[in-house]
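Line by line, the protein sequences are chains W and U.
The first sequence: position 111 = 216 (the working numbering), numbered continuously.
The second sequence: position 34 = 139 (the working numbering), numbered continuously.
Here the structure is laid out as C-alpha cells; the discussion comes afterwards.
There are 2 protein chains.
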Amino acid sequence: MVTGILTDQPMELTVKEKCMEKGDHKDCLGVIMPVRDALDVINGKWKLPIIIAISRGHKRFRDIERNIPKITSKVLSKELKDLEAHKLVKRSVFDSQPVTVEYTLTPYAATLNPVIDALFAWGTQHRKTIFGSAEVAEMPVMQE
Amino acid sequence: MVTGILTDQPMELTVKEKCMEKGDHKDCLGVIMPVRDALDVINGKWKLPIIIAISRGHKRFRDIERNIPKITSKVLSKELKDLEAHKLVKRSVFDSQPVTVEYTLTPYAATLNPVIDALFAWGTQHRKTIFGSAEVAEMPVMQE
DNA sequence: GTTAGCAGTTACCAAAAGGATAGTGCTATA
DNA sequence: TATAGCACTATCCTTTTGGTAACTGCTAAC
C-alpha cells in the first residue's frame, strides 16, 4: 500500500511513492528540491494574491492594487515584473487615449491551480483552528 | 458547471465555488485571505523542507541539518522554534547520556500533506519546463 | 590527550523584502 | 480651473531573512 509523505494514511499517487520510484529510500532530496523550486517562484506575501486577483478579472494596475489589502504601488509594480519574468503574467499595453495597461494570466499560470486550491483549503481550516469559526467578523477588510 | 479559479476548466469542488457560496461575486477577498493565512505559516525557504526532512525520519538536529542543502545551524534553530510555535513540530528532550533531542511532526503537520504534494508536483514540472528534463544531473547536491 | 560529534548560541554583517510618502506626466470630468 | 484617476517611479527607512564564524559544555572514539 502506498502512503502519504507526512502520514501513513493511504493515498492514490503520492510524493513518497514517486520518491521511492526514483530509488532514493533514505534522504529523498528529490522531494525537497522540487518543493523549493516551487517556493522560489511563489515566494513572498504577494505573488499568489496577485495571481488570484488577476484571475478574478482585475486586469488594471489600480484595480489589482485596490483588491489586495495593504499592498502598495511599489510592491505591486515589482511583483508584477517578477511574475512577468516567470511567464505567469502577461503585460499588454494598448495605444488608446490615454494608454491603458492590462495584466493577464498566461496559460502557464493555470498550472498553479492545484497549489492555490491546496493553500486555500489549508488556510481556511487553519483560520478555523486558530480562532473559532464564528469570528469571521474579525477578518481584515479591504478598504478602510 | 463549476470551474477552477484560474481557468474555466471544470473541477469537482473548487475555490471559486466555495467563494460563490459565500455570496461574494466581485472581489472575493475570501480567496486571497485564507491563502495568505497559509502563506504566513509556511513562508520562507526553509519551513517545508524541514517538515519534509523530519517526515522522512530525520529526527535529530544535525541529521536534519545534513539533509537540507545550504541550511545553517542558526537558521535551522530559528525555524524549528517557529514550527514549534505553530504546533507543527514537537521537540522532545531525552534524559540519556548525553542528552538527546528529537524533533517530530505533530498530527497537525499531516494536514499540510496536500499542500506539499501540490508544490512537489508543480515544482517537478516547473523544473522540467525550465531546463529540459534531461539535465537532472545539474541538480545541486547535498554535501559538497 | 586530541579530535570529532552533538545541540545549539552569540555576535556581526549583508541582502532582500516591505512600508511611507511624495511626485511624474497624462487625461477626463466637474 | 481644479480635482481626480491612471500607471507608475523615486527616495528613504525599517524589518526580516540569511550567511560567517566562533564558541559553549558535554561525551565518545582514536
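All C-beta atoms in this analysis are idealised placements derived from N, C-alpha and C, irrespective of residue type, glycine included.
Checking the sheet assignment: what are the DSSP bridge partners for residue 197 of chain W?
Beta-bridge pairing links residue 197 of chain W to W/207.
Tell me the DSSP secondary structure of residue 172 of chain U in three-state form.
It is coil, neither helix nor strand.
At which residues does the alpha helix (DSSP H) containing residue 236 of chain W begin and terminate?
Per DSSP, residue 236 of chain W belongs to no alpha helix (DSSP H) and is neither H nor E.
Using a Cβ-Cβ cutoff of less than 8 angstroms, which residues in the same chain neighbour residue 164 of chain U once the five nearest sequence positions on both sides are dropped?
207, 208, 209.
The alpha helix (DSSP H) with residue 215 of chain U in it runs from where to where?
Premise fails: residue 215 of chain U is in no alpha helix (DSSP H) and is neither H nor E.
Please determine if the stretch 167–175 of chain W and the stretch 191–204 of chain W are in contact, where contact requires at least 3 C-beta pairs separated by less than 8 angstroms.
Touching, no, given that fewer than three Cβ pairs across the two stretches are closer than 8 angstroms.
Identify the contact partners of residue 150 of chain U in chain W, using a Cβ-Cβ distance below 9 angstroms as the criterion.
Simply 141, 144, 145, 148.
Since residue 180 of chain U and residue 151 of chain U should fall inside the 8 angstroms C-beta cutoff, what is the C-beta to C-beta distance between them, to a whole number of angstroms?
Their Cβ separation, rounded to whole angstroms, is 6 angstroms, which keeps residue 180 of chain U and residue 151 of chain U in contact under 8 angstroms.
Have a look at residue 231 of chain U and residue 142 of chain W and give me their C-alpha separation to the nearest angstrom.
Each residue's alpha carbon lies about 8 angstroms from the other.
Express the C-alpha separation of residue 136 of chain U and residue 214 of chain W in angstroms, rounding to a whole number.
Near 16 angstroms, if we compare the C-alpha coordinates of residue 136 of chain U and residue 214 of chain W.
Does any residue of chain W bring its CB to less than 8 angstroms from the CB of residue 181 of chain U?
No, residue 181 of chain U does not count as interfacial toward chain W.
Any beta-carbon of chain W closer than 8 angstroms to the one on residue 211 of chain U?
Not closer than 8 angstroms to any Cβ of chain W, the Cβ of residue 211 of chain U fails to qualify, so no.
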